[in-house]
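To keep things clear, I will list the structure first and then write my remarks on it.
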Amino acid sequence: MHNSSLPIDWNNCLQRCNNNAALARDLLDMLAKELPRNKAAILKAHKNRSITEMQQNIHKLHGACACCGANTLQELLAKIEQELQNKPSPLSQGTLQSLIQEIDRTTEAILKGTYLPTT
Numbered sequence: 001m002h003n004s005s006l007p008i009d010w011n012n013c014l015q016r017c018n019n020n021a022a023l024a025r026d027l028l029d030m031l032a033k034e035l036p037r038n039k040a041a042i043l044k045a046h047k048n049r050s051i052t053e054m055q056q057n058i059h060k061l062h063g064a065c066a067c068c069g070a071n072t073l074q075e076l077l078a079k080i081e082q083e084l085q086n087k088p089s090p091l092s093q094g095t096l097q098s099l100i101q102e103i104d105r106t107t108e109a110i111l112k113g114t115y116l117p118t119t
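The opening position of the sequence shown corresponds to residue 1 in my numbering, with each subsequent residue numbered one higher.
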């Protein structure tokens with residue numbers, strides 16, 4: 001597992017953007033704008049007990065995180081996605097809470113720019 005103290009792996013994000021820092025920041029900005037919508041969609045799917053909707057939202061967010069170096073959230077989403085494939089049932093409260101906390105932590109890191117290396 002990646003270092004859980006760092007929600008965003010800047011070097012990974014930069015590498016995925018062919019070392020284009022402006023593009024990497026743009027992708028992270030887009031992710032930060034989408035994360036609240038993703039969180040709301042996941043909570044709605046959970047409330048409605050819609051496993052299919054939950055799987056779709058988890059898969060979409062998992063892919064977005066993979067492109068942006070949001071490794072901790074990506075790994076959590078991969079685990080949840082696998083669990084939903086193995087046993088299609090609503091998420092436990094603990095799993096849902098962990099997911100929401102990591103979404104919030106990732107959003108905050110992007111908005112505050114705490115993912116950028118200090119020089």
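The beta carbon of each residue, even a glycine, is placed where N, CA and C say it ideally should be.
- prompt: Can you tell me whether residue 118 is buried or exposed, with buried defined as 16 or more other CB within 10 angstroms of its CB?
  reply: With fewer than 16 Cβ atoms within 10 Å of its Cβ, residue 118 is classed as exposed.
message: Taking the beta carbon of residue 9 as the centre, do at least 16 other beta carbons fall within 10 Å, making it buried, or is it exposed?
response: That one is buried.
message: I need the DSSP call for residue 7, collapsed to helix, strand or coil.
response: Residue 7 falls in the coil class under three-state DSSP.
query: Taking the C-alpha atoms as reference points, what is the distance between residue 84 and residue 51?
result: Looking at the two C-alpha atoms, the distance is approximately 8 Å.
field: Endpoints, the alpha helix (DSSP H) within which residue 116 is located
entry: In this chain, residue 116 is not harboured by any alpha helix (DSSP H), its DSSP state being neither H nor E.
query: If we count the other Cβ atoms within 10 Å of its Cβ and call it buried at 16 or more, is residue 21 buried or exposed?
result: Residue 21 should be labelled exposed.
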